[in-house]
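Those protein sequence lines, which keep their order, are chains X and B. Start counting at 1 in the first sequence, then tack on 137, and there's your number in the numbering used here. Start counting at 1 in the second sequence, then tack on 137, and there's your number in the numbering used here.
Number of protein chains: 2
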Amino acid sequence: MSGNIDPSVLTARERRDMSEMLNIIKTRRSVRNFSGKKLKSADIAKVLEAGRWAPSGLNNQPWRFGVIENEGLRNRIAVFTRYGSIIRRAAAVIVVCMDVADSYNRDKDLMAVGASIQNMLLEAWDLGIGTCWMGEILNKKTGVADALTLDKDLDLLAVVAMGYPAGKPQKGCRKTLKNLLIKGTKYP
Amino acid sequence: MSGNIDPSVLTARERRDMSEMLNIIKTRRSVRNFSGKKLKSADIAKVLEAGRWAPSGLNNQPWRFGVIENEGLRNRIAVFTRYGSIIRRAAAVIVVCMDVADSYNRDKDLMAVGASIQNMLLEAWDLGIGTCWMGEILNKKTGVADALTLDKDLDLLAVVAMGYPAGKPQKGCRKTLKNLLIKGTKYP
Chain X
138 MSGNIDPSVL TARERRDMSE MLNIIKTRRS VRNFSGKKLK SADIAKVLEA
188 GRWAPSGLNN QPWRFGVIEN EGLRNRIAVF TRYGSIIRRA AAVIVVCMDV
238 ADSYNRDKDL MAVGASIQNM LLEAWDLGIG TCWMGEILNK KTGVADALTL
288 DKDLDLLAVV AMGYPAGKPQ KGCRKTLKNL LIKGTKYP
Chain B
138 MSGNIDPSVL TARERRDMSE MLNIIKTRRS VRNFSGKKLK SADIAKVLEA
188 GRWAPSGLNN QPWRFGVIEN EGLRNRIAVF TRYGSIIRRA AAVIVVCMDV
238 ADSYNRDKDL MAVGASIQNM LLEAWDLGIG TCWMGEILNK KTGVADALTL
288 DKDLDLLAVV AMGYPAGKPQ KGCRKTLKNL LIKGTKYP
């Protein structure tokens, strides 16, 4: 572990002193192995609700969601990424698109979609559901779009795999704050 | 209020039945008026910590932060947006950039920065701190970059104004889930 990396291992004391929010944010991990147990519909609905309430520029809400639980359809999408096994093992995936007809500024709209996805990851984690935000599949956007017969205005931006975690989560690591501060600024 | 808009007014019962996470996500509002009270350094640190722990593709963490509490410097930035009064009234602003030297895919990196900003908004809200994610200022990126003597690799993506809220928050509204579901999919 290099000196500019901060491992996520928290002491019991650190966890106790942290708000529940920061705790969820810092302990959340990508989950790539799932137990095979089906998700509760009410829980998937809560995850979507979290995504729906993200902020966006001009409140344009450019995000669109498609929930896929059906195994056959998941398998048809899985072929478009080298990490397809995650999609096959998941209990459900949420396909996240931007409706370009509702887009007013691509940079800002992409950030808004990122905020929406993060809301979903956090709400899922809080419910005990593991997620994996998958991006490599975007290399084969057209394949996925064809398989799902996506409207031409829908730009695929992510697939979020979901399920109850199986196995131990990986350790997370991040750059230290010092390495993230803009030169010339300091904190505190 | 049109039929495809869902206002954010929650009954006491709805709040009780909601997880704390979903409650924070759904009750968070943009705050544009601040009390003038200084923020605790420890709280600003927690907000940055939340931003630091966002997910990113290949874990590249392209986000960079600059905290500005100094009134003079805030005023110098405020002139680059028509919403400058929010920056002037704020107790602090966090300047959020992408380090393009650390970027591997602009779409994915913008979503990652959005996830990082959303983490900061949620952590702030949980601490009782109001935030305003400001985007209009990006129309004058070069002005801000010059004022802050930003390194050429730093692409300004947002300014987040922060402070203790003054006055009543606005009511939020979002499209209904039905209007966000990809055609051909349904939920539940």
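Even glycine gets a Cβ: it sits at the ideal position worked out from N, Cα and C.
One Cα belongs to residue 245 of chain B, the other to residue 210 of chain B, and the distance between them is close to 31 Å. A Cβ-Cβ contact shorter than 8 Å links residue 257 of chain B with residue 297 of chain B.
For the region 153 to 164 of chain X, the residues whose beta carbon sits under 7 Å from a beta carbon of chain B are, in order, 156, 157, 158, 159, 161, 162, 163. For residue 202 of chain X, a Cβ of chain B is located within less than 8 Å of the residue's own Cβ.
Within the same chain, and ignoring the five residues on either side of residue 273 of chain B in sequence, the residues whose Cβ sits closer than 8 Å to its Cβ are 218, 219, 220. Looking at the DSSP output, residue 203 of chain B sits in a beta bridge with B:232. In the pairwise beta carbon analysis, the region 158 to 174 of chain X is classified as touching the region 297 to 306 of chain X: at least three pairs are separated by under 8 Å. Around residue 256 of chain B, the beta-carbon contacts reaching into chain X at under 7 Å are 162, 255. Ranked by Cα distance from residue 187 of chain B, the first of X:280, X:259, X:290 is X:259. Within the region 235 to 286 of chain X, the runs of beta strand (DSSP E) at least 3 residues long that lie entirely inside it are, in chain order, 267 to 271. Residue 198 of chain B has a beta carbon lying within less than 8 Å of a beta carbon in chain X. Of all residues in the region 263 to 278 of chain B, only 263, 264, 270, 272, 273, 275 place a beta-carbon less than 9 Å from a beta-carbon of chain X.
Using a 10 angstroms sphere on the CB of residue 268 of chain B, the tally of other CB atoms reaches 16 or more, which defines it as buried. Around the beta carbon of residue 307 of chain B, fewer than 16 other beta carbons lie within 10 angstroms, which makes this residue exposed. Using beta-carbon distances, residue 284 of chain X does not count as an interface residue toward chain B, since no partner is under 8 Å. For residue 281 of chain X, no chain B residue has a Cβ inside 9 Å of its Cβ, as the nearest lies near 11 Å away. In the assembly as shown, residue 325 of chain B is an exposed residue. Its beta-carbon has fewer than 16 other beta-carbons within 10 Å. Contact residues of the region 203 to 220 of chain B toward chain X are 203, 204, 205 (C-beta to C-beta distance below 9 Å). In the structure shown, residue 318 of chain B adopts extended strand secondary structure according to DSSP, grouped into three states.
Taken through DSSP and simplified to helix, strand or coil, residue 188 of chain X comes out as helix. Per DSSP, the unbroken beta strand (DSSP E) holding residue 299 of chain X starts and ends at 291 to 300. Within the region 236 to 253 of chain B, 244, 245, 247, 248, 249, 250, 251, 252 place their CB atoms closer than 7 Å to a CB of chain X, listed in sequence order. DSSP, read as helix, strand or coil, puts residue 163 of chain X in helix.
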